[in-house]
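Reviewing the structure listed below.
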Amino acid sequence: MRGRVLPAVFGMLCGHLVATLIVAAGVGGVLVKIPYALLTLTLMGAAYLLWLGFNMLLKPSLPVQGTSSNDGSCMAWAIKGLCVSGLNPKVLLLFLALLPQFTDVSAAWPVGGQIVALGLIHGFSCGVVYLAVGYGARAVLASRPAAAINVSRISGAAMIVIAVALAAERLFT
């Protein structure tokens, strides 16, 4: 897991930043009103979760001691993180529902700037939590290889269930 946590968290935070910028620009409100845009984003996210889930079931992660040449590049882990949060329509919907409530049109800053500031605060908070969980999990799972395999398989199965639920929710409602 060495070398995976930081780039993956960086990618996830970049996905949050993209969602923040979309909401700040007002594009998020337009996307929600275009039925096929949100449907497409949801189905892309569900497909990516399915792919991740099946890969985790077929090739569960094993903790590595030291560095590994098969660990994947930092860029690959950053892209995975970006896809996890960037293709998650719930992030965009959360930001659309939450961030504008805490803006003030009479404030000195424009509303878009306020949304970006709030999104950055949210991103910082998420970064602290994601890093703590990532490094904490690495320490715990490295000492328990069997648990790491089980956690990987359970996570893969959960991703598949979530992907199917996301797609079904969007397609059948």
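Counting in this note's numbering, the sequence shown runs from 641 upward without gaps. C-beta: ideal position from N, C-alpha, C; glycine also. Computed from a predicted structure; not experimentally measured.
Counting C-beta pairs with one atom in each stretch, the stretch 642 to 653 and the stretch 773 to 782 have three or more that are closer than 8 Å, which means they touch. With a beta-carbon spacing of about 18 Å, G774 and L657 fall beyond the 8 Å limit used to define contacts. Taking the Cα of F694 as reference, the smallest distance to any Cα among M652, A808, V804 and T813 is reached at V804. The residue among L734, V768, W691 and M715 with its C-alpha nearest the C-alpha of M799 is W691. Separation of the CB atoms of V731 and A677 is rounded to 15 Å, and the pair is thereby denied contact status at 8 Å. Around the beta carbon of W749, fewer than 16 other beta carbons sit within 10 angstroms, so the residue counts as exposed. In the three-state DSSP reduction, T682 falls in the helix class (H, G or I). Between L739 and G753, the beta carbon gap of about 12 Å keeps them out of contact (Cβ cut-off 8 Å). Less than 8 Å separates the beta-carbon of G796 from that of M696. With 16 or more other CB atoms across the displayed protein chains lying within 10 angstroms of its CB, A718 is buried.
In the displayed model, P700 falls within coil according to three-state DSSP, outside both helix and strand. Excluding sequence positions up to five before and after R784, its CB lies less than 7 Å from no other CB in the same chain. The shortest CA-to-CA distance from G712 to any of T743, A648, I755 and R810 is the one to A648.
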